[in-house]
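If you read the sequence shown in this note's numbering, its first letter stands for residue 2, the second for the next number, and so on.
All C-beta atoms, glycine included, are put in the ideal place defined by N, C-alpha and C.
Here the structure is a predicted model, which is why all the values come from computation and not from measurement.
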Amino acid sequence: MTGKAEIGIRPEFVRLTDDAAGLPVTVKTVDDIGRYRILRGSLGASTQRHRAGGPVDPGRAARTFDPGRLNVYAGAHLVEPAIARS
């Protein structure tokens, strides 16, 4: 396969943390959709979405995730599903 390579992870598998070891994110908006919230954040020019179960204020935060939940895409096609590696 040729084309742009990307990694992706579903928002429900990303956790916000105060841990300095987490990847930094700037929380731009918080959408309350009932049982949880969807955060829209950025790291440089990249925009991401994260799911949170409790209140979150816009601003700086850090995030963590299980690397086994990452998906790899090449040319917009899934290379290997995360579920196959679990």
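- H78 counts as exposed, since fewer than 16 other beta carbons sit within 10 angstroms of its beta carbon.
- Apart from sequence neighbours up to five positions away, the residues of its chain that approach L71 with a beta-carbon distance below 8 Å are I8, G9, I10 and A83, ordered along the chain.
- Between L24 and A62, the C-beta gap is not smaller than 7 Å, which leaves the two residues out of contact.
- V57 is a Cβ neighbour of V31, given a cutoff of 7 Å.
- Per DSSP, the unbroken beta strand (DSSP E) holding D32 starts and ends at L24 to D33.
- Residue P59 holds the alpha-carbon nearest to the alpha-carbon of G42 among P59, E13 and G55.
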